[in-house]
Structure formats: C-alpha cells, structure tokens
Amino acid sequence: MAKNKTILRALAGEVLDTPPIWMMRQAGRYLPEYRATRAQAGDFLSLCYNPELAAEVTLQPIRRYGFDAAILFADILLLPQALGADLWFVTGEGPRLSTIETQADFDKLKPVDEIDEVLNPIYETVRILKGELPSETTLIGFAGAPWTVATYMIAGRGTKDQGPAHALKAENRALFEQIIDILTTGTIEYLSKQVEAGAEVVKIFDSWAGSLTGEDFDRYCLEPAKKITGEMKKRFPGLPVIAFPREAGDRYIGFHKATGADCVAIDDSVTAEWAAANVQVDGCVQGNLKSSHMVTGGQNLVDETRRIVKALSKGPHIFNLGHGITPDADPDNVQLMIDTVRETATR
Ligand code: CP3
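Rendered as structure tokens:
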C-alpha cells in the first residue's frame, strides 16, 4: 500500500506523469491558521514541543492544499538544545544559542544517549501524525546536517558567511571535528527515533553546504551525509533519504552516488535543465522553484513552474521550492503553483 504513495514512488526512481509536490516550510507564518496556532502555543519553541499543536500545524498545509508529503514540524536546532546548548528565538531576528568556542564549552554538552529526554515530544508528534495523515500522504522526518548545525552552535546564531565555524575549523580542527562527530552520531539517533515513531522518509538539511569548498566539502558535508545515510539504511532497510546540500553548485554532481541518498534536493542557484543533465542522471531530484515566486505570483510563476516540470520530466522528480517559503508569501500563489504543476502534461 505504501508504494501507492507518489513521493515513495518517485524516491524509488519511478518517472511519474505528474511530479508529487510538497514545499519546504509549508507549515509556516504565511498561513493565517499557522499564526493562530503559534499564538495559542505562545512561541515557536513551545509550539515545537507541544505534540498536539505541532501535529496540527503539520496538518494545516495538507488540509488546505493536499500536498503529497507532510514534513514533521520541528527545527534543526532542537538537537543542539537536546545536547545541552541554550536555545531561544529573537522575534524578527532568528535563533540564538550558547556558543562553543573552547574544549571546555564542548565538554559541557550532554552525551548523545540523553537527547531523548528533550526530544521525546517530537517523537510523539510523529506518532500523532501517523494516525491522522491521509493514507496517500508521505510523512517526512528531518534533521540538520552536522556542518549546518555546527555553524549555529559555534557562532550562537545564524551568520551570512559562517565565519566563526570556518575560523574554529582553521584554528582548532580537533575541537571542530568533535562537534561534527557528536552531531553525526546525534543525528543518527534522532532520525532513528523519528523513523521508529512513523517517519517514512528522512531529509538532511545542509543549508550552508555551499560555503564548504574542496576537501572541506568532502570531509564535512559529503562524509557525514554518507555516514548518516549508510547507518540509517542499515538500521531501516529500504528507508528513502533526501539530502539537501544547499548551494553545492558543481558538487551536486555525483552527490547521490557519493552518499547513497535516494534523492538530492536542489536550490534555485542551478537551473532545472542543468540538474536534469548532471544530477537527475543518478536518481531522484527535488526542487527547484525560487521561493520569491510565492510572493510575486502571476505569469512568471506559471512559466517558471512549467519550465521546471518539463525540464525534469524525463527522470524521477519531486516538485518543491529551492528553499523555504517566506512569511510574506501569498497563500493563493501556492495554489497557483500546485494547479500549474498538475496541469502541465509531461508526456
Ligand atoms: O519545512 C517545514 O515546514 C518543517 C519545519 C522546519 C522548520 N525549520 C520550522 C521553522 C524545518 C525543516 C526547518 C529547518 C531549518 N531550521 C533549517 C534548515 C532549512 C533552511 O531553511 O535552510 C534551518 C537553518 C533552521 C534554523 C532556523 N529556524 C532559523 C534560521 C529560523 C529563523 C528564520 C525564520 O524563518 O524566522 C528558524 C525558525 C523556524 N523554523 C520557523 C519555522 C516555521 C519560523 C518560526 C516562527 O514561527 O516564528
């Protein structure tokens, strides 16, 4: 039965007449019903840790649009919090964490086998979703990739160029690698619990992969993705994995083979035509409409959507944005995107 789910079919390599659709950050502030539930929860983190309300916001975009996948509502920074980092969100600015600058800061972290004390409510959200999602909807679990999560743990916030993480890597590589290692192990445990609770696919978000170059890309993006994917597939044979090494550029080429991921998600800095010729040859791709079309809409949205569907129609494809939808998006433009994808005959 599970194999009737279009997302699982695309992930298994099947070329469908119409690509299945979901959207990064599909549960979010552009939806009035999300803003209402978040207000009820109090704030973003309270929403993440409230299984009933987190399940509710996960379901909202499914009810409104009938997306083919639901993504668990949580955040990539909950794992560092579970490892003992302080975490809070500053309205209008983004996340703040306690920083890791020295070995002593690192040594204060908790061992990986204690993360569930904090993360148990997240697994409960997954269990609730398992019972409530329509039978055709695939449930995606996720975690941040070690490099991306490390950039936040080291700097204590989001940074444009990931400068503090690059500096620590240059100045104290042994400490930097301990952070990557604990996050790799922690991510495997966190994702395993999500799968045991009912997640059918897992996605690894490496939002800052594009700032790693050369050998650093191999060691801190590719290698952890390969370890996590390999171990997840060993524990859960047949589990599909989506990797998102955002802004990897040329390094998208060969990423499926190098990591074992079933699907590589592509951002909007590469064209769908380029991805078809260079990345889709190795397996499923997901992407890659510019999020700003969800704000501006109109004929440009329709034309770009059609172009992507056509360019990627010869191989397995999951339609998505190139990055998360933004709070200023118009919910009607999301419907226009979905209608356009479904109306664009690909064969
Ligand atoms: O995609 C989904 O709908 C699932 C839920 C999800 C969230 N964050 C919810 C969220 C997922 C998969 C993430 C991933 C995430 N979180 C990433 C990787 C993907 C990416 O966007 O590059 C990163 C880097 C984070 C860290 C993070 N969380 C930041 C930088 C911010 C603040 C930026 C912002 O948009 O305000 C968040 C907050 C956050 N995570 C929100 C949501 C819906 C907005 C919080 C709110 O409601 O105020």
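Basically the working numbering = 1-based index in the sequence shown + 523.
We put the beta carbon where it would ideally sit given N, CA and C, even for glycine.
It should be emphasised that the depicted structure is a prediction, and the values quoted were computed from it without experimental measurement.
Near ligand 1: residue i beta-carbon under 6 Å from a heavy atom
i, result
"Gln-626", "no"
"Ala-550", "yes"
"Phe-842", "no"
"Met-755", "no"
"Asp-598", "yes"
"Met-817", "no"
"Met-547", "yes"
"Pro-618", "yes"
"Ser-730", "yes"
Local conformation of residue i per DSSP, three classes
i, result
"Ala-771", "coil"
"Lys-749", "helix"
"Ile-776", "coil"
"Ile-494", "In the structure as shown, the chain begins at 524 and stops at 870. Residue 494 is therefore absent and cannot be evaluated."
"His-840", "strand"
"Gln-809", "strand"
"Lys-756", "helix"
"Lys-716", "helix"
"Ile-848", "coil"
"Lys-833", "helix"
"Val-825", "helix"
"Leu-662", "strand"
"Arg-865", "helix"
"Asn-856", "helix"
Contact set for residue i: own chain, Cβ-Cβ below 7 Å, skip 5 residues either direction
i, result
"Thr-529", "Leu-539, Pro-543, Asp-591"
"Glu-556", "Gln-583"
"Phe-699", "Leu-691, Lys-692"
Same chain only: Cβ atoms within 6 Å of residue i, ignoring 5 sequence neighbours per side
i, result
"Asp-639", "none"
"Ser-792", "Glu-770"
Practice task
At 3 residues or longer, and completely inside the segment 563-635: list those beta strand (DSSP E) runs for me, N to C.
Solution key: Counting only runs of 3 or more, we get 592-594, 610-613, 617-620.
Exercise for the section: Specify whether the segment 647-662 and the segment 570-587 touch according to this definition: at least 3 beta carbon pairs, one from each stretch, less than 8 Å apart. Expected result: Pairwise C-beta distances place the segment 647-662 in contact with the segment 570-587, as three or more of them are shorter than 8 Å.
Practice task
Inspect the CB distances between the segment 845-853 and the segment 548-565 and report whether three or more fall short of 8 Å.
Solution key: Contact annotation: the segment 845-853 touches the segment 548-565, with at least three C-beta pairs closer than 8 Å.
Exercise for the section: Mind the definition here: the segment 754-770 touches the segment 821-835 only if three or more C-beta pairs lie below 8 Å; say whether that holds. Expected result: no
Exercise for the section: Evaluate contact between the segment 833-842 and the segment 801-810, counting only Cβ atoms and requiring at least three cross-stretch pairs below 8 Å. Expected result: yes
Practice task
For the segment 677-689 and the segment 708-721, state whether three or more C-beta atom pairs, one from each stretch, are separated by less than 8 Å.
Solution key: Note that the segment 677-689 does not touch the segment 708-721; fewer than 3 beta-carbon pairs, one per stretch, sit closer than 8 Å.
Problem - Validate contact between the segment 740-760 and the segment 561-577 using beta carbons, cut 8 Å, 3 pairs - result: As far as the Cβ criterion goes, the segment 740-760 does not touch the segment 561-577, which means the pair count is below three.
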